[in-house]
Amino acid sequence: MPQDTAPLTLVTVPCRTDNYAFLLHDEASGATALVDAPEAAPIQAELDRRGWTLSDILITHHHDDHVDGLAALRGEARVIGAAADAHRLPPLDLAVAPGGALDVLGQETQIIDVPGHTVGHIAFYIPDSGLLFTGDSLMALGCGRLFEGSPAQMWDSLSRLAQLPPETQVCSGHEYTRANGRFALSVDGGNAALHRRVAEVAAAREAGRPTVPSLLQQELETNPFLRAGDPELRRSAGIAQMSPEEAFAELRRRKDSF
Numbered sequence: 001m002p003q004d005t006a007p008l009t010l011v012t013v014p015c016r017t018d019n020y021a022f023l024l025h026d027e028a029s030g031a032t033a034l035v036d037a038p039e040a041a042p043i044q045a046e047l048d049r050r051g052w053t054l055s056d057i058l059i060t061h062h063h064d065d066h067v068d069g070l071a072a073l074r075g076e077a078r079v080i081g082a083a084a085d086a087h088r089l090p091p092l093d094l095a096v097a098p099g100g101a102l103d104v105l106g107q108e109t110q111i112i113d114v115p116g117h118t119v120g121h122i123a124f125y126i127p128d129s130g131l132l133f134t135g136d137s138l139m140a141l142g143c144g145r146l147f148e149g150s151p152a153q154m155w156d157s158l159s160r161l162a163q164l165p166p167e168t169q170v171c172s173g174h175e176y177t178r179a180n181g182r183f184a185l186s187v188d189g190g191n192a193a194l195h196r197r198v199a200e201v202a203a204a205r206e207a208g209r210p211t212v213p214s215l216l217q218q219e220l221e222t223n224p225f226l227r228a229g230d231p232e233l234r235r236s237a238g239i240a241q242m243s244p245e246e247a248f249a250e251l252r253r254r255k256d257s258f
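The sequence shown: position 2 = 2 (UniProt numbering), numbered continuously.
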């Protein structure tokens, strides 16, 4: 892709109780894409307010709270999702496979396999705009529950996402950050960066601002599920003897009952 590609405009759209959808807009072409469709009404209201029309809809995984609004929104838009999950996704116009790439709004968009939350979960990474759409895999200060995949799968997924540039914006699917922060403090209480971030998250929520997207660098410094390989966190959590994968599994187990 050309190195002088203009970054896309990103709009975070709150939906349902705690979901987020994301609109992407290319000023040059006037085209607009949507990532996940939890609820049609707020997304359509934002499109109408801005005078935008959808050209593409990208779906990270099959759960209802990520696809419920799709039928009402799709119109003439191209609907894109994982080929492996096509049997349980709404009808797709383009079925994609991890490791591949496609053009979205004139920018290369890479397909990343991120099983764990579900086995067919994918993430979308747009390098030229520094945007990563993770659905319910990597989340702000957390990660998704393991409804279908294994701890080993999720740890592998998160470890691969952690290798992306630290300035990447992580666009995850829910406003869980405040609750995730409380858990993070319970296992990583000596982390000064985490304490600062928890305070910033509280201030943002009290002001009615979303805490998503977040910077990958923040997640690397404060997200316990990305830090399962860090000896300092493992000592703090009382699991120093565990391997990173074992430590991740234990942290996820603790979070499930926190």
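Ideal Cβ placement from N, Cα and C applies to all residues, glycine included.
Please work out which residues of its chain come closer than 6 Å, Cβ to Cβ, to residue i, disregarding the five sequence neighbours upstream and downstream, and give them in chain order.
i	result
residue 339	Since the first residue shown for the chain is 1 and the last is 258, residue 339 is missing from the structure and cannot be characterised.
M1	Note that M1 has pLDDT 36, beneath the 50 cutoff, so the model's placement of it is unreliable and no number is given.
V11	L23
K255	F183
A140	S172, T177, T211, V212, S214
Q3	Bear in mind that the predicted position of Q3 carries a pLDDT of just 46, short of 50, making it unreliable; the figure below should be weighed with that in mind. Taken in chain order, the list of residues that qualify is empty.
A31	S55, L105
A237	V187
Going by CA-CA distance only, name the one from the options that's closest to residue i.
i	options	result
A203	F225, T177, R16	T177
S172	C15, Q107, P7, D68	C15
F258	T118, A6, N180	N180
G208	D18, L10, T5	D18
W52	A33, A123, L70	A33
R50	I126, D256, T9, S159	T9
P91	V67, A101, F133, D113	V67
R27	D85, A97, G106, A71	Here residue 27 turns out to be Glu, not Arg, going by the sequence shown. Measuring from the Cα of E27, the nearest candidate turns out to be G106.
L164	L54, G75, F147, Y125	Y125
D56	L70, F147, R227, L215	L70
G100	M139, I43, A82	A82
S150	H121, G130, L141	H121
H117	D103, L138, A40	L138
D136	A21, P7, T5, R253	A21
H62	G142, V104, F147	F147
A249	Q218, R197, G144	G144
R205	E175, D85, T222, A86	E175
Q218	G229, G30, A72, R196	R196
L73	L58, A86, D85, A84	L58
A152	D85, A228, N223	A228
G142	L251, Q44, D103	L251
Between residue i and the rest of its own chain, which residues show a CB-CB distance below 8 Å, the 5 nearest in sequence each way excluded?
i	result
T134	T60, V114, A123, L161, V170, C171, S172, G173
L216	L132, L161, A162, L164, P165, P166, E167, T168, Q169, V170
R88	H62, G120
G130	P7, P165, E167, T168, Q169
Pull the bridge partners of residue i from the DSSP assignment, please.
i	result
I126	L131
V79	I57
A184	Bridge partners of A184: none, in fact.
M139	G142
Q241	In the DSSP output, where bridge partners are listed per residue, Q241 has none listed.
S214	V170
T109	L102
T9	H25
L73	According to DSSP, which records beta bridges pairwise, L73 is partnered with nothing at all.
V96	A82
Looking only at its chain, what residues have a beta carbon closer than 7 Å to the beta carbon of residue i, apart from the 5 residues adjacent to it on each side?
i	result
P42	V13, P14, C15
D65	R16, N19, P38
P98	I111, I112, D113, I122
L220	A162, P166, L226
G75	L54
L185	L194, V198
Given 8 Å, three or more beta-carbon pairs between the region 231-238 and the region 183-193: Contact between the region 231-238 and the region 183-193 is present, because at least three Cβ pairs lie under 8 Å.
Stretch pair the region 245-252 + the region 145-157: three plus CB contacts closer than 8 Å: Between the region 245-252 and the region 145-157 there are three or more inter-stretch CB-CB distances shorter than 8 Å, so the stretches are counted as touching.
Every unbroken beta strand (DSSP E) inside the region 14-65 [3 residues or more]: Here the runs fully enclosed are 19-25, 32-35, 54-58.
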